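Only one structure is covered here, and it is reproduced in the block below.
Number of protein chains: 2
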Amino acid sequence: MERHKEKMEMLTFKADVKDIDSGEFFVTLNNKDAEEMGLLEHDRVKVSKEGKSITAIVQKSMSLVKPHNVTILTRGAMALDVKNGDDVLISPTGKPRSVGIIKAKMDGKTLTSEEMRIVVNDIVERRLSYIELTAYVVANYINGMNMQEIKDLTLAMVETGETIDFATGPIFDFHSVGGSPGNKVTLIVVPIIMAAGLIIPKTSSRAISSACGTADILETICNVTLSTEEIKSITQKIGGTIAWGGGVELAPADDLIIHVEYPLGIDPYGQLLASVMAKKKAVGANYMLLDIPMGPGTKVPDEKLARRYARDFIELGEMLGIKVECAITYGGQPVGHGIGPAIEAREALAILEGSTTPNSVVMKSTHLAGIILEMAGLTNRGQEMAMDILRSGKALEKFRLILKHQCWISITGRIFEPAWT
Amino acid sequence: MERHKEKMEMLTFKADVKDIDSGEFFVTLNNKDAEEMGLLEHDRVKVSKEGKSITAIVQKSMSLVKPHNVTILTRGAMALDVKNGDDVLISPTGKPRSVGIIKAKMDGKTLTSEEMRIVVNDIVERRLSYIELTAYVVANYINGMNMQEIKDLTLAMVETGETIDFATGPIFDFHSVGGSPGNKVTLIVVPIIMAAGLIIPKTSSRAISSACGTADILETICNVTLSTEEIKSITQKIGGTIAWGGGVELAPADDLIIHVEYPLGIDPYGQLLASVMAKKKAVGANYMLLDIPMGPGTKVPDEKLARRYARDFIELGEMLGIKVECAITYGGQPVGHGIGPAIEAREALAILEGSTTPNSVVMKSTHLAGIILEMAGLTNRGQEMAMDILRSGKALEKFRLILKHQCWISITGRIFEPAWT
Numbered sequence: 031m032e033r034h035k036e037k038m039e040m041l042t043f044k045a046d047v048k049d050i051d052s053g054e055f056f057v058t059l060n061n062k063d064a065e066e067m068g069l070l071e072h073d074r075v076k077v078s079k080e081g082k083s084i085t086a087i088v089q090k091s092m093s094l095v096k097p098h099n100v101t102i103l104t105r106g107a108m109a110l111d112v113k114n115g116d117d118v119l120i121s122p123t124g125k126p127r128s129v130g131i132i133k134a135k136m137d138g139k140t141l142t143s144e145e146m147r148i149v150v151n152d153i154v155e156r157r158l159s160y161i162e163l164t165a166y167v168v169a170n171y172i173n174g175m176n177m178q179e180i181k182d183l184t185l186a187m188v189e190t191g192e193t194i195d196f197a198t199g200p201i202f203d204f205h206s207v208g209g210s211p212g213n214k215v216t217l218i219v220v221p222i223i224m225a226a227g228l229i230i231p232k233t234s235s236r237a238i239s240s241a242c243g244t245a246d247i248l249e250t251i252c253n254v255t256l257s258t259e260e261i262k263s264i265t266q267k268i269g270g271t272i273a274w275g276g277g278v279e280l281a282p283a284d285d286l287i288i289h290v291e292y293p294l295g296i297d298p299y300g301q302l303l304a305s306v307m308a309k310k311k312a313v314g315a316n317y318m319l320l321d322i323p324m325g326p327g328t329k330v331p332d333e334k335l336a337r338r339y340a341r342d343f344i345e346l347g348e349m350l351g352i353k354v355e356c357a358i359t360y361g362g363q364p365v366g367h368g369i370g371p372a373i374e375a376r377e378a379l380a381i382l383e384g385s386t387t388p389n390s391v392v393m394k395s396t397h398l399a400g401i402i403l404e405m406a407g408l409t410n411r412g413q414e415m416a417m418d419i420l421r422s423g424k425a426l427e428k429f430r431l432i433l434k435h436q437c438w439i440s441i442t443g444r445i446f447e448p449a450w451t
Numbered sequence: 031m032e033r034h035k036e037k038m039e040m041l042t043f044k045a046d047v048k049d050i051d052s053g054e055f056f057v058t059l060n061n062k063d064a065e066e067m068g069l070l071e072h073d074r075v076k077v078s079k080e081g082k083s084i085t086a087i088v089q090k091s092m093s094l095v096k097p098h099n100v101t102i103l104t105r106g107a108m109a110l111d112v113k114n115g116d117d118v119l120i121s122p123t124g125k126p127r128s129v130g131i132i133k134a135k136m137d138g139k140t141l142t143s144e145e146m147r148i149v150v151n152d153i154v155e156r157r158l159s160y161i162e163l164t165a166y167v168v169a170n171y172i173n174g175m176n177m178q179e180i181k182d183l184t185l186a187m188v189e190t191g192e193t194i195d196f197a198t199g200p201i202f203d204f205h206s207v208g209g210s211p212g213n214k215v216t217l218i219v220v221p222i223i224m225a226a227g228l229i230i231p232k233t234s235s236r237a238i239s240s241a242c243g244t245a246d247i248l249e250t251i252c253n254v255t256l257s258t259e260e261i262k263s264i265t266q267k268i269g270g271t272i273a274w275g276g277g278v279e280l281a282p283a284d285d286l287i288i289h290v291e292y293p294l295g296i297d298p299y300g301q302l303l304a305s306v307m308a309k310k311k312a313v314g315a316n317y318m319l320l321d322i323p324m325g326p327g328t329k330v331p332d333e334k335l336a337r338r339y340a341r342d343f344i345e346l347g348e349m350l351g352i353k354v355e356c357a358i359t360y361g362g363q364p365v366g367h368g369i370g371p372a373i374e375a376r377e378a379l380a381i382l383e384g385s386t387t388p389n390s391v392v393m394k395s396t397h398l399a400g401i402i403l404e405m406a407g408l409t410n411r412g413q414e415m416a417m418d419i420l421r422s423g424k425a426l427e428k429f430r431l432i433l434k435h436q437c438w439i440s441i442t443g444r445i446f447e448p449a450w451t
């Protein structure tokens with residue numbers, strides 16, 4: 031950083047926008063300009079235009095970029111609202127503060143709330159290169175995080191993203207640790223909860239390690255990409271949603287962190303807890319049920335690990351003001367018959383429409399929904415109540431409302447008549 | 031990897047060479063081509079042309095790259111000898127084997143010789159993304175390496191680089207841990223050793239943490255960028271060289287690893303040992319003297335650490351067949367008066383020409399040179415012998431030969447007459 035001190039001026043460059051997406055914010059400067067500004071490769075610059083600014087990592091080129099020009103890739107250009115030929119201002123900027131904090135984490139130190147906030151903020155503002163972001167993730171993976179750090183990480187992820195504030199409450203939520211094939215229960219659990227008059231703004235993920243996630247299943251029959259505004263208004267109107275979590279900016283740090291976890295095949299335990307709970311906290315959940323599918327071949331092979339998950343989620347929930355209950359379910363074989371988005375959607379729909387098979391799906395769905403109904407204090411025989419709601423057709427009604435409100439067809443004003451009814 | 035299996039075909043693309051250097055091997059494909067080949071961002075492809083091939087990381091673009099075209103950056107284009115408009119073959123390739131090995135290292139496992147060889151080979155072949163390379167470096171930093179791993183790493187780094195095989199021996203070498211300002215002693219030590227009739231093909235580094243490295247100092251008066259062939263032939267002719275280590279491909283894995291260590295400000299201990307010794311092993315050193323400048327503000331603040339360095343370097347040397355001796359010197363204040371490349375070159379030269387000041391530089395140089403003379407069995411009063419050689423002007427003679435042979439002036443055939451004689 032020292033070497034930048036003498037040359038902190040801000041210079042004007044002509045933008046050359048290139049449609050490449052490399053994940054990071056890169057800008058390419060002519061070697062001569064870079065030298066004059068005292069910039070080496072991998073140094074950072076602040077690029078700004080009319081009040082908007084990004085921090086980008088410098089690449090250099092002798093011939094591709096003319097002096098006083100700068101190449102900006104798609105992602106950066108969109109963030110700055112810059113078009114080809116526009117003028118942008120560039121000034122050198124030092125290393126972000128979080129680099130020293132990441133070093134401390136590598137050295138085995140425990141991070142403070144403030145340090146965690148700085149790191150997460152730099153991640154979301156894309157001030158960290160992949161090298162630095164990877165160092166953070168690997169340090170967390172190897173050295174671990176204590177509960178206070180996990181709580182701080184969760185809150186920092188909530189603070190740096192969008193949140194939904196429902197005027198009424200309480201808000202219920204449901205999450206499955208996943209890793210168990212055929213797990214289409216969310217499509218049945220959520221409408222049962224809604225039919226009981228409870229509020230459940232559920233966000234779901236796409237496939238990570240299994241054949242498909244809830245978002246993939248539901249997407250075969252309706253739109254799942256909702257904005258936070260849409261999740262809020264649909265939930266206020268009908269009591270719930272099943273949206274794709276990646277389509278909203280709830281805890282955006284998480285998506286960026288996953289980007290480096292995925293190629294390494296690691297999912298640091300503390301990060302996993304924080305990821306799940308940040309998204310629950312962001313929608314203002316007061317109660318949450320965690321489904322932990324346990325069994326050979328799942329993420330949770332044995333009861334010892336299942337109990338650790340349960341204990342830690344409950345403890346973290348308490349620290350965040352969310353009452354968590356956990357259901358350890360058997361995940362050693364597929365739930366139901368179908369595996370794959372379309373076939374799982376059909377299976378879930380048939381059950382909502384009255385089918386009593388596959389029994390495993392009916393039993394698991396009503397079991398889980400029953401726990402939530404009990405958490406809400408509506409009954410102390412949850413599964414029975416859930417079964418009654420399912421058999422009455424009221425869950426089907428709620429599911430159809432979900433389809434109607436989430437489908438683009440509804441947006442066009444046309445009456446929604448799914449082809450399969 | 032699974033998903034590539036069905037689509038392992040090799041397709042022809044027209045190369046669009048872009049002069050950008052981003053450190054990694056990147057290629058950009060049109061979204062449509064990438065989709066057809068089952069490629070996601072950050073997947074790897076093998077790019078080949080007439081027998082040459084590289085492994086590159088995929089970026090995608092909707093508009094910048096036309097279908098059946100591929101953008102290749104400078105570094106990749108040079109490696110493949112590809113020009114704009116040339117045809118290249120591209121086929122998907124799975125994750126390199128080292129990714130699983132790096133995961134094992136993160137999990138605290140000890141790597142085998144074979145695993146270390148696979149990792150270093152993938153680094154040198156640039157098969158690893160920065161994410162993966164960073165994970166390797168951070169895992170080594172946090173979990174450490176045992177001596178066997180350090181030995182395996184050293185040998186793997188030697189194997190993947192160039193080596194110099196001198197027909198005669200023994201070969202002597204000298205290394206300073208560095209971090210002590212004003213440390214121009216190499217410029218005096220090496221010619222003294224050469225004047226004693228010993229062989230010392232010394233490679234030196236540029237500044238990392240201090241104002242200048244030996245290569246920076248010598249470069250103010252002569253060329254230091256030599257090929258391995260040049261180091262070999264000059265050494266065979268005059269007994270030694272002082273070349274820039276970064277100019278040759280001795281242990282190239284090291285340079286790539288430094289690229290991710292530098293922005294994080296870490297230098298894993300085992301990596302440091304392996305880096306130094308790999309370069310010594312690559313020039314076939316039989317004897318090596320290690321100077322460990324100790325004192326506040328240096329890399330080695332106290333005697334405990336100095337002794338650890340000494341012990342570990344000696345042990346690693348034994349494992350590699352290099353006899354190592356260590357001199358713990360006082361590094362708490364600058365050696366001599368001048369700090370900075372040109373002024374340090376002048377100071378060293380003045381001493382070679384007969385100046386007895388600064389006394390600290392004269393004493394340190396002859397002390398270190400003396401140890402090497404004793405290691406060679408030429409005397410048991412090394413410092414006295416070194417002082418005699420220095421005073422006799424024979425070291426100056428050797429230094430002038432170094433200048434003559436390394437300078438581009440000598441290559442042109444013109445008589446070398448430095449301006450300052």
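One line per chain: the protein sequences are A and B, in this order.
Counting from 1 along the first sequence, just add 30 to a position and that's the residue number in my numbering.
Counting from 1 along the second sequence, just add 30 to a position and that's the residue number in my numbering.
Every residue, glycine too, gets a C-beta built ideally from N, C-alpha and C.
The structure presented is a predicted model; accordingly, all values stated were derived computationally and were not measured.
From the DSSP output, in three-state form, read off residue i for me.
| i | result |
| --- | --- |
| Ser440/A | A caution first: Ser440/A carries a pLDDT of 43, below 50, which makes its placement in the model unreliable, though a value can still be read off. The answer is helix: DSSP assigns Ser440/A an H, G or I state. |
| Lys44/A | strand |
| Pro231/B | strand |
| Val365/A | coil |
| Ser385/B | coil |
| Ile102/A | strand |
| Gln216/B | A small fix is needed here, since residue 216/B is Thr in this sequence, not Gln. Thr216/B falls in the helix class under three-state DSSP. |
| Glu36/A | At Glu36/A, the pLDDT of 42 sits below 50, so the modelled position is not reliable and the matter cannot be decided from this model. |
| Asp49/A | coil |
| Asp284/A | helix |
| Lys353/B | strand |
| Phe204/B | strand |
| Val254/B | coil |
| Val313/A | coil |
| Ile194/A | coil |
| Asp321/B | strand |
| Ile358/A | strand |
| Val392/B | helix |
| Val278/B | coil |
| Val112/A | coil |
| Ala79/B | It should be noted that the sequence gives Lys, not Ala, for residue 79/B. Three-state DSSP puts Lys79/B in a strand. |
Smallest Cα separation from residue i: which of the options?
| i | options | result |
| --- | --- | --- |
| Asp321/A | Glu155/A, Val313/A, Val306/A, Asp73/A | Val306/A |
| Met108/B | Ile84/B, Val149/B, His98/B, Gly314/B | Ile84/B |
| Val219/B | Glu54/B, Gln413/B, Thr396/B | Thr396/B |
| Arg376/B | Ser143/B, Asn60/B, Asp246/B, Ala340/B | Asp246/B |
| Leu94/B | Ile50/A, Lys44/A, Thr58/A | Ile50/A |
Could you tell me which residues DSSP puts in a beta bridge with residue i?
| i | result |
| --- | --- |
| Arg74/A | Ile87/A, Thr123/A |
| Met417/A | Answer is none; Met417/A lacks a bridge partner. |
| Asn60/B | Ser91/B |
| Thr271/B | Pro231/B |
| Asp117/B | Lys44/B |
| Val330/B | Met324/B |
Measuring CB atoms only, is the stretch 224-231 of chain B touching the stretch 423-440 of chain B, in the sense that at least three cross pairs come out at less than 8 Å?
yes
Taking 8 Å as the threshold, find out whether the stretch 76-90 of chain A comes into contact with the stretch 117-124 of chain A through three or more Cβ pairs.
yes
Please name the residues in the stretch 69-94 of chain A whose beta-carbon is closer than 8 Å to at least one beta-carbon of chain B, in chain order.
Glu71, His72, Gln89, Lys90, Ser91, Met92, Ser93, Leu94
Can you find at least 3 beta carbon pairs, one from the stretch 412-426 of chain A and one from the stretch 250-267 of chain A, that sit closer than 8 Å?
no
Where the stretch 281-308 of chain B meets chain A: residues whose CB sits under 9 Å from a CB there
His289, Val290, Tyr292, Pro293, Leu294, Gly295, Ile296
Check whether the stretch 345-354 of chain A touches the stretch 325-334 of chain A, taking contact to mean three or more Cβ pairs, one atom from each stretch, closer than 8 Å.
no
Taking any Cβ of chain A, which residues in the stretch 47-58 of chain B have a Cβ under 8 Å from it, in chain order?
Lys48, Asp49, Ile50, Asp51, Ser52, Gly53, Phe56, Thr58
Below 8 Å, can you find three or more Cβ-Cβ pairs linking the stretch 362-375 of chain A to the stretch 179-191 of chain A?
no
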